[in-house]
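Participant: Sequential numbering of the sequence shown, starting at 154, is according to my numbering.
In this text, a Cβ means the ideal position worked out from N, Cα and C, and glycines have one as well.
Below you will find the structure I want to go over with you.
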Amino acid sequence: AGHLVLLGPTASGKSQLALALAERRRDLGELVELVTVDSMQVYRGMDIGTASPTAEEMQRVPHHLVDVVDPWSEYSVAEFTQGANQALDEIQDRGGRAILVGGTALYLQALVDNLELPGRFPSVAAELEAEGDTALHYERLRQLDPAASERIEPGNRRRIIRALEVTLGSGRNFSEFGPGLDTYPETPFLLAGLRVERPVLSERIAKRYEQQMRDGFLQEVQALAARPEGISRTAAQALGYRELLSHLAGECSQEEAVARAIDRTRQFAVKQIRWFRRDPRITWFDHTGDPQTVLDELDAFWA
Numbered sequence: 154a155g156h157l158v159l160l161g162p163t164a165s166g167k168s169q170l171a172l173a174l175a176e177r178r179r180d181l182g183e184l185v186e187l188v189t190v191d192s193m194q195v196y197r198g199m200d201i202g203t204a205s206p207t208a209e210e211m212q213r214v215p216h217h218l219v220d221v222v223d224p225w226s227e228y229s230v231a232e233f234t235q236g237a238n239q240a241l242d243e244i245q246d247r248g249g250r251a252i253l254v255g256g257t258a259l260y261l262q263a264l265v266d267n268l269e270l271p272g273r274f275p276s277v278a279a280e281l282e283a284e285g286d287t288a289l290h291y292e293r294l295r296q297l298d299p300a301a302s303e304r305i306e307p308g309n310r311r312r313i314i315r316a317l318e319v320t321l322g323s324g325r326n327f328s329e330f331g332p333g334l335d336t337y338p339e340t341p342f343l344l345a346g347l348r349v350e351r352p353v354l355s356e357r358i359a360k361r362y363e364q365q366m367r368d369g370f371l372q373e374v375q376a377l378a379a380r381p382e383g384i385s386r387t388a389a390q391a392l393g394y395r396e397l398l399s400h401l402a403g404e405c406s407q408e409e410a411v412a413r414a415i416d417r418t419r420q421f422a423v424k425q426i427r428w429f430r431r432d433p434r435i436t437w438f439d440h441t442g443d444p445q446t447v448l449d450e451l452d453a454f455w456a
């Protein structure tokens, strides 16, 4: 088999499992490296809150796409696919295989399905943003690209503007790019998903935040907020960071910030599960109980 993709919701234990599997294979003399598929672990200086691999873990097994951009930069899906494909090429050139591990659904899909990603047209987008009415934008999209309008809810302003930006800016319909988000073509990757019973996952999410706070998560956010370069819009929306930034701005207590972060992370996990569940190519493994069992099952699955 080719590269293995290990996916699942946040706090499902993917990273530890991927590390254990990579080490098991490396002990047998196989060259295995990890490629992280996480839109927030790419940022430097955001290690605690994004549960990034530690320096010690990265020494044990090489990791790619962790700590590669500054927190004041934006990072796009296109940049991710370019970086991931480059890492995969390098690993293959060395005669190795990769375990891709993460939960950022759009990144996974762009890479696995080789989505052709439309470019950005900032001046078009700015013009559309300045024109107020979302309903008018939607009507215009319906006329220009009916296929795209069918896939976007009439109230989702951000996606409507993005579709119009691409259609007007590139001269090609937005719906022509890539196979679309609900097709599942054959892929050279082997897809494994981790399933965790919801109450257990819920508990793990809360426990992980408690541990992150003990590890200095608040200090990490304070250091980011104090930087003269600021923090990018994307990074500032990261789970936990948004809430703690709000606490540092005096908008809520620390307890309240953590409670909100736990809540938003749980909602995000449900969304991730829904997204992944639609993909018939994923083989699911239960990770509620003993990690050793799943490790053996994954090891057998990734022949």
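Under the DSSP definition of a beta bridge, which residues are partnered with Leu-343?
Facilitator: Leu-343 pairs with Leu-157.
Participant: How close, in whole Å, do the beta carbons of Ala-171 and Val-254 come, if the pair is a contact with beta carbons under 8 angstroms?
Facilitator: Rounded, the Cβ-Cβ distance is 4 angstroms, consistent with contact.
Participant: Nearest-angstrom Cα distance between Arg-431 and Pro-381?
Facilitator: Rounded to whole angstroms, Arg-431 to Pro-381 spans 43 angstroms at the Cα level.
Participant: Mapping DSSP to helix, strand and coil, what is His-216?
Facilitator: DSSP places His-216 in strand when its eight states are reduced to three.
Participant: Are the stretch 270 to 289 and the stretch 308 to 325 touching by the rule of at least three beta carbon pairs closer than 8 angstroms?
Facilitator: In short, these stretches touch, since the Cβ pair count reaches three.
Participant: Where are the alpha helix (DSSP H) runs, 4 residues long or more, that stay fully inside the stretch 271 to 331, in chain order?
Facilitator: Taking only runs of at least 4 residues, the alpha helix (DSSP H) segments lying wholly in the stretch 271 to 331 are 275 to 283, 287 to 297, 299 to 304 and 310 to 323.
Participant: Less than 8 angstroms between the beta carbons of Ile-313 and Leu-297, yes or no?
Facilitator: Not a contact, by the Cβ cut-off of 8 angstroms.
Participant: Take Tyr-394 as the anchor and find which of Ser-328, Ile-305 and Met-199 has the nearest alpha-carbon.
Facilitator: When only C-alpha atoms are compared, the closest one is Met-199.
Participant: Give the straight-line distance between the Cα atoms of Tyr-196 and Gln-407, rounded to the nearest whole angstrom.
Facilitator: Roughly 24 angstroms separates the two Cα atoms.
Participant: Please list the segments of the beta strand (DSSP E) lying wholly inside the stretch 331 to 408, counting only runs of 3 or more residues, in order along the chain.
Facilitator: If we require 3 residues or more, the beta strand (DSSP E) runs fully inside the stretch 331 to 408 come out as 343 to 348.
Participant: Between which two residues does the alpha helix (DSSP H) carrying Ile-244 extend?
Facilitator: 230 to 246 is the extent of the alpha helix (DSSP H) around Ile-244.
Participant: Taking three-plus beta-carbon pairs below 8 angstroms as touching, is the stretch 256 to 265 in contact with the stretch 156 to 169?
Facilitator: Taking 8 angstroms as the limit for Cβ pairs, the verdict is that the stretch 156 to 169 does touch the stretch 256 to 265.
Participant: Taking C-alpha atoms, which residue in Arg-386, Gly-161, Asp-266 and Ser-229 lies nearest to Glu-339?
Facilitator: Comparing Cα-Cα distances from Glu-339 to each of Arg-386, Gly-161, Asp-266 and Ser-229, the minimum goes to Asp-266.
Participant: Nearest chain D C-beta to Glu-186 closer than 8 angstroms, yes or no?
Facilitator: Judged by its chain identifiers, the structure shown contains no chain D, having just a single protein chain.
Participant: For my contact list, Gly-346 and Thr-441 are in at a C-beta cut-off of 8 angstroms; report their separation, rounded to the angstrom.
Facilitator: Gly-346 to Thr-441, Cβ: 13 angstroms. No contact.
Participant: To which residues of the same chain is Gly-236 closer than 6 angstroms at the C-beta, ignoring the five residues directly before and after it?
Facilitator: Here the set comprises Leu-218.
Participant: Among Asp-242, Gly-322 and Asp-286, which one has its Cα closest to the Cα of Leu-307?
Facilitator: The sequence given here has Pro at residue 307, not Leu. If we check each option's Cα against that of Pro-307, Asp-286 comes out closest.
Participant: Decide if Glu-409 is buried, meaning its Cβ has at least 16 other Cβ atoms within 10 Å, or exposed.
Facilitator: The residue is exposed, with fewer than 16 neighbouring Cβ atoms inside 10 Å.
Participant: Do the stretch 419 to 431 and the stretch 237 to 245 meet, that is, are 3 or more Cβ pairs less than 8 angstroms apart?
Facilitator: They do not touch, by the three-pair rule.
Participant: I need the DSSP call for Ala-252, collapsed to helix, strand or coil.
Facilitator: Per the sequence presented here, residue 252 reads as Ile, with Ala not at that position. Strand, per DSSP.
Participant: Can you give me the start and stop residues for the alpha helix (DSSP H) that Glu-186 sits inside?
Facilitator: Counting along the chain, Glu-186 falls outside any alpha helix (DSSP H), though it belongs to the beta strand (DSSP E) covering 185 to 190.
Participant: I'd like the list of long-range same chain contacts for Glu-282, defined as Cβ closer than 8 angstroms, with 5 residues on each side in sequence excluded.
Facilitator: Within the same chain, Glu-282 has close Cβ partners Ile-314.
Participant: Taking 8 angstroms as the cut-off, does the stretch 409 to 425 touch the stretch 350 to 367 (at least 3 CB pairs, one atom from each stretch)?
Facilitator: Flag = yes, the stretch 350 to 367 and the stretch 409 to 425 touch.
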